[in-house]
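Going down the list, the protein sequences come from chains A and B.
Residue numbering for the first sequence is 1 to 189, as defined by my numbering.
Residue numbering for the second sequence is 1 to 189, as defined by my numbering.
Using N, Cα and C, we set each Cβ at its ideal position, and we do this for glycine too.
Small disclaimer: the values here were computed from a predicted structure and weren't measured.
Have a look at the structure below before the remarks.
2 protein chains.
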Amino acid sequence: MATQQRRERERAQRETLIVNAAREMAEADGWPAVTIRRLAERIEYSQPVLYSHFAGRGAIVDAVALQGIVELTGVFSAARTAAAPGGELAAVAQAYLDFANANPAVFEAIFTLAEGLPFGADAPEALKAAFAEIYAVFAPLAGDRDPDAFTEVGWAAIHGLASLGRDGRLRPDLLEQRLPILLDLFTKD
Amino acid sequence: MATQQRRERERAQRETLIVNAAREMAEADGWPAVTIRRLAERIEYSQPVLYSHFAGRGAIVDAVALQGIVELTGVFSAARTAAAPGGELAAVAQAYLDFANANPAVFEAIFTLAEGLPFGADAPEALKAAFAEIYAVFAPLAGDRDPDAFTEVGWAAIHGLASLGRDGRLRPDLLEQRLPILLDLFTKD
DNA sequence: TCGGATGTCTAGCGGTGCTAGAATTGTGAT
DNA sequence: ATCACAATTCTAGCACCGCTAGACATCCGA
Numbered sequence: 001m002a003t004q005q006r007r008e009r010e011r012a013q014r015e016t017l018i019v020n021a022a023r024e025m026a027e028a029d030g031w032p033a034v035t036i037r038r039l040a041e042r043i044e045y046s047q048p049v050l051y052s053h054f055a056g057r058g059a060i061v062d063a064v065a066l067q068g069i070v071e072l073t074g075v076f077s078a079a080r081t082a083a084a085p086g087g088e089l090a091a092v093a094q095a096y097l098d099f100a101n102a103n104p105a106v107f108e109a110i111f112t113l114a115e116g117l118p119f120g121a122d123a124p125e126a127l128k129a130a131f132a133e134i135y136a137v138f139a140p141l142a143g144d145r146d147p148d149a150f151t152e153v154g155w156a157a158i159h160g161l162a163s164l165g166r167d168g169r170l171r172p173d174l175l176e177q178r179l180p181i182l183l184d185l186f187t188k189d
Numbered sequence: 001m002a003t004q005q006r007r008e009r010e011r012a013q014r015e016t017l018i019v020n021a022a023r024e025m026a027e028a029d030g031w032p033a034v035t036i037r038r039l040a041e042r043i044e045y046s047q048p049v050l051y052s053h054f055a056g057r058g059a060i061v062d063a064v065a066l067q068g069i070v071e072l073t074g075v076f077s078a079a080r081t082a083a084a085p086g087g088e089l090a091a092v093a094q095a096y097l098d099f100a101n102a103n104p105a106v107f108e109a110i111f112t113l114a115e116g117l118p119f120g121a122d123a124p125e126a127l128k129a130a131f132a133e134i135y136a137v138f139a140p141l142a143g144d145r146d147p148d149a150f151t152e153v154g155w156a157a158i159h160g161l162a163s164l165g166r167d168g169r170l171r172p173d174l175l176e177q178r179l180p181i182l183l184d185l186f187t188k189d
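Laid out in structure tokens, this is it:
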């Protein structure tokens, strides 16, 4: 009946409510503050309801990560298509750093917390799409090297800059010098 | 009296016992398995004893991280001095990846878990020494760029490779291609 | 209207980091 | 050798965590 559909709709709505709440709480107070109890109180349901949507706390983190990946893909795509010819790499790389800076908790969820997201051949479509965006800007510069390996190296370099920078591991006063150096290395030859 | 010194000696001994136990447990079963209770049982003391040595669980993780940094510095130094002329960067980079691979829990402690270790100007001596080793291999290649910024970019690139690789984020079949590409980028010009 | 399925909640288990206060141990002076 | 004191260690417990069994309420189709 139609009620069935309404129920499913409401369920889906509540699921995104949970994911959004988790994300906001994580950005506001860090992931350790995102507990099932607090999350339940926030969405005004009891704890077991959360377990009817997700297998456990980890699955909620994974969901936030997945949402972030989808978002990230959109950011990449927008940056790449809006960039001047030849400036695609710079635009995407800058977008990567900006995203990591603006959404540190989501970034953390994607790259260090998520454990249920397969990153290999059977990765979710959103993840492959995100990698494809990175591939699109790096592969043309690969020259005679393997374009996949070259892209991975490029991704790793940007990612290292983002993650070390996010944790305060790099000198703030050199912030603006780093990305140009990196871009220079990848485009020079 | 002399007893005082003996006591301090025994205390220091017990402290390294704790750190070593934490490290071994983390490498064996992951950091979440390193609980105060298990740690206490392992060293055959009650939990409060741990708190007479460390401010809390986090401080123990920090201690493991610091020990790892000291070790890492030694590895770098050995790799660099043993390398053939011109091969220093390759040797240190490989040592970095090898260390991350051989001691994933320590690596995690250093770069994602440790929160009490200042990484800036007032970083511990061991950390500055480790960075100095990296600086020694990158700065000569900086050309007309700022050697500090150049070193940070180089470090970030290797670090990205190490951390993404450790978490299974990179294709295993491209493992051996990645480092040569990276070295090529940093030495080509 | 009513029986059954669906959904939600209350209450609780075993575990966590951490700590107050009791108990024990060792020390130095008498 | 004895004793008072200080340092050390332990027992017991708090508040919180993720998670779940079973009671309760609600809604639907016949």
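Within chain B, the residues that residue i reaches when beta carbons sit closer than 7 angstroms
i: residue 107/A; result: Per Cβ cutoff of 7 angstroms: no residues; residue 107/A is ~12 angstroms from chain B at best.
i: residue 157/A; result: 156, 157 and 160
Residue-chain proximity (residue i, chain A), Cβ-Cβ < 7 angstroms
i: residue 112/B; result: yes
i: residue 60/B; result: no
i: residue 178/B; result: yes
i: residue 170/B; result: yes
Contacts that residue i makes with chain A (C-beta to C-beta distance below 8 angstroms)
i: residue 7/B; result: Simply none; closest approach about 37 angstroms.
i: residue 94/B; result: Ordered by position in chain A, no residue passes the 8 angstroms Cβ test against residue 94/B, which lies about 15 angstroms from the chain.
i: residue 120/B; result: 168 and 171
Contacts of residue i in chain A (Cβ-Cβ under 9 angstroms)
i: residue 186/B; result: 185
i: residue 163/B; result: 111, 112, 156, 159, 160 and 163
With 16 other Cβ atoms within 10 Å as the buried cut-off, status of residue i
i: residue 165/B; result: buried
i: residue 73/A; result: buried
i: residue 101/A; result: exposed
i: residue 122/B; result: exposed
i: residue 163/B; result: buried
i: residue 148/B; result: buried
i: residue 12/A; result: exposed
i: residue 130/B; result: buried
Pair within 7 angstroms by beta-carbon distance, residue i and residue j
i: residue 47/B; j: residue 36/B; result: yes
i: residue 137/B; j: residue 89/B; result: yes
i: residue 65/A; j: residue 109/A; result: yes
i: residue 76/B; j: residue 133/B; result: yes
i: residue 19/A; j: residue 63/A; result: yes
i: residue 42/A; j: residue 26/A; result: no
i: residue 79/B; j: residue 92/B; result: yes
i: residue 145/B; j: residue 181/A; result: yes
i: residue 157/B; j: residue 160/A; result: yes
i: residue 24/A; j: residue 53/A; result: no
i: residue 112/A; j: residue 187/B; result: no
i: residue 185/A; j: residue 185/B; result: yes
Residues that residue i contacts on chain A, provided the C-beta gap is smaller than 7 angstroms
i: residue 181/B; result: 145, 149, 150 and 153
Amino acids of chain B, ordered along the chain, whose beta-carbon sits closer than 8 angstroms to that of residue i
i: residue 192/A; result: Outside the shown range of chain A (1 to 189) lies residue 192/A, about which nothing can therefore be said.
Residue i CB to nearest heavy atom of the ligand COA below 6 angstroms
i: residue 85/A; result: This structure does not include the ligand COA; it has no bound ligands of any sort.
**Report entry** Sufficient close CB pairs (3 or more, under 8 angstroms) joining the segment 89-101 of chain B to the segment 146-160 of chain A
**Finding:** Output reads no: the segment 146-160 of chain A does not touch the segment 89-101 of chain B.
Report task. Flag this pair as touching only if the segment 65-81 of chain A and the segment 110-126 of chain A have three or more C-beta atom pairs under 8 angstroms; answer yes or no. Result -> Cβ pair count under 8 angstroms is three or more, so yes.
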